[in-house]
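Peer 1: Counting from 1, position 387 in the sequence shown corresponds to residue 404 in our numbering; the numbering is continuous, with no gaps.
Idealized CB from N, CA, C, for every residue including glycine.
Note that the structure is a prediction, hence the values are computed from the model and not measured.
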Amino acid sequence: MRLFLLGIALFLSVQLLAQSGQIAGEVRDAKTEEALIGVTILIEGTSDGATTDINGKYLIAGLEPGSYNLTASYVGYESKTTYNVVVKSGGNPNVNFELSETVEELEGVTVTANPFEKSMETPLSIQKLSQEEVATYPGGNNDIAKVVQSLPGVSGSVGGFRNDVIIRGGAPNENVYYLDGIEIPNINHFATQGSAGGPVGLLNVSFFEGVTLSTSAFESQYDNALSGVLQFDQRNGNDQELKTNLRVSGSETALTMEGPLFKGEKEAANTTFIASVRRSYLQFLFQLIDLPFLPDYWDYQYKISHKFSKYDELIVTGVGSIDDLTINAPDDFSPEQQATLDQIPIIQQNTFTSGVSWKHRFKDFSGYTQTTLSTNILQNKFQQYENNVDQTGLYLNNDSREWETKLRHNYTRFAGDWTFAAGGTVQLADYSNITTDVVNDFQYDIGYSFIKYGVNGQASRDFLNGALSFSAGFRVDGNTFTDSGHDIWRTFSPRVSASYKLDEAQKWSLNASLGRYYKLPPYTILGFTDSLGSFANRSAEYIRSDHAVLGLEYLLTKSSRISVEGFYKKYGNYPVSLVDSVSLANLGGGFEVLGNEPIASVGLGRTYGVELLYQQKFTGKLYGILAITLYKSEYTGFDEDEYLPSVWDNGQLITFTGGYKFGNNWELGLRTRYLGRTPFAPVDRQATLDNYPAIIKDYSQLGTVSLDPFFQADVRIDKKFNFKNWTLDIFLDVQNVLASNLPSEPSYGLDRNEQGEIVEPRNLIRIQEVDNSSVLPTLGIVVDF
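1. Taking the C-alpha atoms as reference points, what is the distance between Gln772 and Val456?
2. Who are the Cβ neighbours of Val799 in its own chain at under 6 Å, not counting the five residues just before and after it?
3. Enumerated in chain order, which unbroken segments of the alpha helix (DSSP H) with a length of 4 residues or greater are wholly contained in the stretch 171 to 224?
4. Would you say Leu692 and Asn667 are within 7 Å of each other, going by their C-beta atoms?
5. Quick check on Leu531: does DSSP put it in helix, strand or coil?
6. Apart from the five residues on each side of it in sequence, which residues of its chain come closer than 7 Å, Cβ to Cβ, to Leu706?
7. From Ile344 to Pro309, what does the alpha carbon distance come to, in whole angstroms?
8. Contact between the stretch 760 to 767 and the stretch 48 to 68 is defined here as three or more beta-carbon pairs at a separation below 8 Å; is this criterion met?
9. Short check: CB of Thr653 to CB of Leu621, under 7 Å?
10. Which ranges does the beta strand (DSSP E) cover as unbroken runs of at least 3 residues, wholly within the stretch 579 to 652, from first to last along the chain?
11. Helix, strand or coil for Val164 per DSSP?
12. At what residues does the beta strand (DSSP E) containing Glu353 begin and finish?
13. Under three-state DSSP, which class holds Gly766?
14. Grouping DSSP H, G and I as helix and E and B as strand, with all else coil, what is Gly702?
15. Identify, in the order they occur along the chain, each residue of the same chain with its Cβ nearer than 6 Å to the Cβ of Pro699, setting aside the five sequence neighbours on each side.
16. What span of residues does the alpha helix (DSSP H) with Leu305 cover, start to end?
17. Under the assumption that Gln366 contacts Asp340 (Cβ atoms under 8 Å), give the Cβ distance between them as a whole number of angstroms.
18. Please determine, among Asp454, Tyr588 and Asp500, the residue with the shortest C-alpha to C-alpha distance to Val610.
19. Return the CA-CA distance between Phe728 and Arg690, expressed in angstroms with no decimal places.
20. Quick one: residues in its chain with C-beta nearer than 6 Å to the C-beta of Ile58, no 5 flanking neighbours on either side, listed in chain order?
21. Taking the alpha-carbon of Val596 as reference, which of Tyr585, Pro615, Leu311 and Asn590 has the nearest alpha-carbon?
22. So is Ile542 buried or exposed if we call it buried at 16+ other beta carbons inside 10 Å?
23. Going straight from the alpha carbon of Asn181 to that of Pro189, what length do you get?
24. Assign Val566 to one of two classes, buried (16 or more other C-beta atoms within 10 Å of its C-beta) or exposed (fewer than that).
25. Please report the straight-line C-alpha distance between Leu569 and Ile364, rounded to a whole angstrom.
26. What is the rounded straight-line gap between the Cα of Tyr517 and the Cα of Leu527?
27. Between Gly173 and Glu258, what straight-line distance do the alpha-carbon atoms span, to the nearest angstrom?
28. Which partner residues does Ile60 have in the DSSP bridge list?
29. Use the C-beta contact count for Ile306: other C-beta atoms within 10 angstroms, 16 or more gives buried, fewer gives exposed.
30. For Thr541, report the span of its alpha helix (DSSP H) as first-last.
31. Please return the same chain residues whose Cβ sits closer than 6 Å to the Cβ of Leu841, not counting the five positions on each side in sequence.
32. Opposite His426 in the DSSP bridges: which residues?
33. Alpha carbon to alpha carbon, how far is Lys737 from Leu22? Give it in angstroms, no decimals.
34. Just grab the DSSP bridge partners of Leu259 for me.
35. For Gly568, write down the residues that DSSP places opposite it in a beta bridge.
36. When you compare the stretch 441 to 448 with the stretch 464 to 477, are there three or more beta-carbon pairs, one atom per stretch, that lie closer than 8 Å?
Right under this line is the structure:
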């Protein structure tokens, strides 16, 4: 035994002594995507570097594992630095650069390059997370949907148990999500139909090169966005050798593989793949600790890239999930467990998205076209019973399928200093739903199909030697279903944005945007059918959102900035429930189906405020983002003169996310979030007693009561071990490390005796407040080889 242990120790020692890593990637022109030859790549603070070859590729080998800043420099182009590049002895993803041409500089003036990327179309209200920031996000348990909540102005649900993306007081159903330019309907397991939030993200963090969030000034190619556009940029698989990533955490295991296809004797393949599968074992843990519900899920993700030539590239990508939420009757019931067992829905949900995208670059590099064909399916079986254990007394059944097939074409042309873009979208939507709602006396079995279409255009250029950037665009959308669907002038949505550098060194910049955006209501609203079998909401209008944003940014150093933005969003045509007289902007943040009810497009809304931001890129050992957002969020019902606080109207949102890198590959990450008081609608106790276990809210009292402020701090500690050709990362992720008591809405259940039997006559009682101050540690490992 001693010899065996000695042998293992000797093997590990040899492996550790042999550790070294490398950085590889390619450099392209940011506009034309042409490979740049002879670009100098240097590691900051060292003499280590490389030069790109005829294909724009570079390799820096023999590096000691650790974190580096990498700078690409080329004559006639602005230098660009990628911060916090983690080099390991195995499993290093490529680090790619896109460089922009420089404009004429004034003699004797040193211009500060802006490391915080933005475009002419979206010069402000845009945030990016790098590959490393996504991978080591504290408190996220490798959940990309939780990672997004670290961005300025973005909050999740109070209590932190859901991944709703709430941007500057807007509802979670106001955002759209794109995976390499292919739209995906939601990013969560057990997603709320008609919205997009859920308890667990379904995208694999190992895939991403970065995440970009735009909260205003949306490019005209994106439709249906009212509050945010989230773009997940997937990296290509390795084109030279097969690599594997295995991640094990407290709730799931994920396996990711990537590598070349059809490589033959070539040094690098033209075709690559990256694919993953993930399996939850939460259901086993929940059963072990006797919780009343068991969440079980699978998901998968893939991307195949093929380069026909330097002008043509084909991408096939997809993602899907299988979700099953079942009931587990504990041996001993606490009042809280009994209420949860009574009220939780039984969910079976499957999602599928797949798409193919062809990008063709003109041979003179004067532009390109991109054509994307995709399809996505959401199948959702959502049921609630009077007796969930025996599944008797069905009072709510939603058995539906949403199926979309989309063709999107975009054309981009560079003409002198101008960039012109135009495109169009055609989409076939197919929807079916079998609904029984005993509480509201709704019952229907429907299926319908219709066409959605849109046209967009945008023009952008720099003026005054690059000091002024300007962009203007528009889009119109229509459909064949709603009464006014072909009146496309109703959805004419202009937008304009500009950025002006106030000083010669270009440290100060003033940014502004003004735009109008539209969203077609969800299929659950459009497909609702009345007792006569007619589509009751066919008169629904596109929801309108007008944005005005003004911001000032100052570059403190080459790696840090401070900014302030004022924003105002005004809504029109918001659906208002004919059942509860509440704006549907207040719904979609729970386990429900949003929109299966009659509505009227008469609601108004407004969210406005100011956001302060300080961001420090990785320098030395420290990096972080601190944001303070002060805002107001309110909507009307049928009375257009009475604005009521929304359930997202926290007033204050303060977030900090950062990290500190110690020596010997130790890293500490910290995330803190503070949300002001959260308004909520109290329970209508008599209506709930009459319909229990259905919980009926009294929305006329919205804003009269609120939850206490929310504060949570999460910590993650990583230690990386670099062996020969493989890497082991052991991490400890601790949520709510300060044991803060997280606020939650009051819960109610039926009065029962000590044997758990219902006391007659029935009486609805408030469940005693439960301590929500638990510290949740998770130990995980990541292996790259």
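Peer 2: Short version:
1. 29 Å
2. Arg264 and Asp746
3. none
4. yes
5. strand
6. Arg779 and Leu781
7. Computed Cα separation, rounded: 6 Å.
8. No: fewer than three Cβ pairs fall under 8 Å.
9. yes
10. 616 to 636 and 639 to 652
11. Here DSSP, grouped into helix, strand and coil, assigns Val164 to helix.
12. Under the DSSP assignment, Glu353 falls outside any beta strand (DSSP E), being part of the alpha helix (DSSP H) whose first and last residues are Pro352 to Gln360.
13. strand
14. Residue 702 is actually Arg in this sequence, not Gly. Three-state result, Arg702: helix.
15. Asp715, Gln718 and Val722
16. Leu299 to Leu305
17. 4 Å
18. Asp454
19. 6 Å
20. Gly66, Ala67, Tyr75 and Ala89
21. Pro615
22. buried
23. The sequence shown places Asp at residue 181, not Asn. Rounded to the nearest angstrom, the two C-alpha atoms are 6 Å apart.
24. Val566 comes out buried.
25. Their Cα atoms are separated by approximately 47 Å.
26. 5 Å
27. Going from the Cα of Gly173 to the Cα of Glu258 covers about 39 Å.
28. Leu87
29. exposed
30. Here the alpha helix (DSSP H) through Thr541 covers Tyr540 to Leu543.
31. The first residue shown for the chain is 18 and the last is 802, placing residue 841 beyond what the model contains.
32. Thr388 and Gly441
33. Because Leu22 sits at a pLDDT of 41, beneath the cut-off of 50, its placement in the model cannot be relied upon, and the following sentence gives the value as read from the coordinates. Distance between the alpha carbons of Leu22 and Lys737: 22 Å.
34. Leu259 is not bridged to any residue.
35. Asn528 and Glu582
36. yes
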